[in-house]
Amino acid sequence: MVPAVELNVSSRSQGDHELVIATGEIDLYTAPRLQSELAAVIASAAPSSRVVIDMSGVEFCDSTGMNVLLSCLRQARERGGELELAAPRPAVRKILSVTGLDAVFTVADFPAN
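In UniProt numbering, the protein residues as written are 1 to 113.
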């Protein structure tokens, strides 16, 4: 039996921004959890808030996960805010680069704190 891959998502206010910490794998099965958490953070944050997703614990992200991130980026920008990705691992960074999304998102090399 193959163990189920988990995605853990938590969030908190961190100074001038909202911090969302994702760990695990983002795929077809786990993306809805990320979508609902991010949508809730964006909706409850003040307009024009900065939402930073700490990706340092994300081992894998497929196209479903990228679509969730894009959708949430659009939601944040509609409210005058921004969605940023912090410390993506090489595998996730490669997907961002191959798809050209590294030019769409603000990507920081260091973990958010």
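All C-beta atoms, glycine included, are put in the ideal place defined by N, C-alpha and C.
{"query": "Which residues in the same chain as V41 place their Cβ atom closer than 8 Å to its Cβ, once the five residues preceding and following it in sequence are excluded?", "result": "S11, E18, V20 and V51"}
{"query": "From which residue to which residue does the beta strand (DSSP E) around residue 117 run?", "result": "Given that the chain is displayed from residue 1 to residue 113, the structure contains no residue 117 and the question cannot be resolved."}
{"query": "Can you have a look at E37 and say buried or exposed, based on whether 16 or more other CB atoms are within 10 angstroms of its CB?", "result": "buried"}
{"query": "Could you name the residues of the same chain whose beta carbon sits closer than 8 Å to that of residue 114, not counting the 5 residues immediately before and after it, in chain order?", "result": "With the chain covering 1 to 113 only, the question about residue 114 has no answer from this structure."}
{"query": "Per DSSP, what kind of secondary structure is G24 in: helix, strand or coil?", "result": "strand"}
{"query": "Roughly how many angstroms lie between the CA atoms of V2 and L28, to the nearest whole one?", "result": "Bear in mind that a pLDDT of 49 at V2, under 50, signals an unreliable position, so the number given afterwards is only what the model happens to contain. The alpha-carbon atoms of V2 and L28 are separated by roughly 16 Å."}
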